[in-house]
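Peer 1: Residue numbers (the working numbering): 16 to 328. Glycine included, each C-beta is placed from N, C-alpha and C at the ideal position.
#1: What is the C-beta distance between residue 126 and residue 323, in whole angstroms, given that I count them as a contact (C-beta under 8 Å)?
#2: Please check the pair residue 222 and residue 52, which I expect to be a contact at CB under 8 Å, by giving their CB distance rounded to whole angstroms.
#3: Distance, Cα to Cα, residue 135 vs residue 36?
#4: Who are the near neighbours of residue 162 in its chain, counting only those whose CB is closer than 7 Å to its CB and skipping five residues on each side?
#5: Within 10 Å of its beta-carbon, does residue 151 have 16 or more other beta-carbons around it, so buried, or fewer, so exposed?
#6: Going by Cα to Cα distance, which pick from 65, 79, 170 and 189 is closest to residue 105?
#7: Based on Cα-Cα distance, which residue from 82, 137, 96 and 297 lies nearest to residue 120?
#8: Quick one: measure Cβ to Cβ for residue 210 and residue 235, integer angstroms, because I've assumed they're closer than 8 Å.
#9: Apart from the five residues just before and just after residue 153, which ones in its own chain have a Cβ nearer than 6 Å to its Cβ?
#10: According to DSSP, is residue 250 helix, strand or coil?
#11: How close, in whole Å, do the beta carbons of residue 133 and residue 250 come, if the pair is a contact with beta carbons under 8 Å?
#12: Output needed for residue 138: all residues of its chain with C-beta closer than 7 Å, excluding positions within five of it in sequence on either side, in chain order.
#13: Hey, is the region 140 to 148 in contact with the region 302 to 320, meaning 3+ C-beta pairs nearer than 8 Å?
#14: Less than 8 Å between the CB atoms is what I'm expecting for residue 246 and residue 190, so what's the real figure, rounded?
#15: Please specify which runs of the alpha helix (DSSP H), each continuous and at least 4 residues long, are wholly inside the region 132 to 200, giving them in chain order.
#16: Just to check my reading of the structure: residue 220 and residue 193 have Cβ atoms closer than 8 Å, yes? What is that Cβ distance to the nearest angstrom?
#17: Per DSSP, what kind of secondary structure is residue 321 in: helix, strand or coil?
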C-alpha cells in the first residue's frame, strides 16, 4: 500500500500538530507543546506514517533503555489515525511500526489504549492490530465516568453537602493564576498522601497558557478565602478532573461537592462525559474502595484504561 514510515523530527512540529487536531482519536496532549514540556525527561521516539504525501497516522512514543512506550509521560498513548485511514492500513502500519522498533534494537513495546469515549469517530482498529500481534494485557485501571445528560441521581451525602453550601455565600470562578491553588494542593497532597503534584506550578501554568481552551482551574471561595478547586482538562467530548483539593474549612462544609455539582449542572451541562479518573494502584491490582466510592456517589461508573505489551525480540 506504499505507506512510508519516518521518525518524527522537530522540524515537523506544525504538520504533526495539524494532523493531531484533525485526526479522529487525537488528544490535545499529543500536540508537541504538551508532549515536549518534559522533553528533558522523556527521549522522544515518535513516528509518522505517510501515504501519497499525506499523513495517515502518528505514533506518540518515547524510549527508555531498550523499551518503547506510547507514552510514558502521558495518560494515554496509542496510534493516532485520520478519519480516512482504513483497518487494513492500520494493520500494515502496525507491521511497519513493530518491524521498525525491532530492527532498531528495542525489546518491548508498551501501549496505552485510549478509551472509546474520547473518540470523534469509532477508532479501535488498533485493538484488533494488537490482538493480531499477540499483545498481552498487562495492566487495567478502573476509571469513573458519568454521562452528564443522563447521569444517575446523587447519593444522599453529596446532595446534603451541596444543599448546605447553597445557603452560604460561596463563589465559583475560573482563575488563570494557579499560584494560590497550587500552594493549597501541594499542602493537601503532602499532609494526606505524602505526595506532590506531578506538574510543578511553573509547568502547569505554562501548559495552561499554551492550551487555554483545554486546561482550566475552577475554584470555590468565600469572601475571597480559597476553599476548594479542581483542574479541568477539556477534551471536547470528555471533561476530566485533575488535582482536586479542599482546604480544611472546605472539607468541613463540602465545598468540593458544591463545585463539582455546579460544574455539572451549569458550566458543562451540554457536554457528553465527565471523568473523575482512576481509583486503582499497584499497576491496577489494588482498588482504592474509598476513592471509587466517592466518585460513584456522584453517579460515576466504570470504564477501563488498558495497557498492552508486545515482545519485539
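Peer 2: Quick look at the numbers:
#1: 5 Å
#2: 6 Å
#3: 11 Å
#4: 287 and 288
#5: exposed
#6: 65
#7: 82
#8: With a Cβ gap of about 22 Å, residue 210 and residue 235 do not count as contacting.
#9: 322 and 324
#10: coil
#11: 6 Å
#12: 39, 40 and 96
#13: no
#14: Going by Cβ atoms, the distance from residue 246 to residue 190 rounds to 11 Å, so no, they are not a contact pair.
#15: 140 to 147 and 171 to 181
#16: 5 Å
#17: strand
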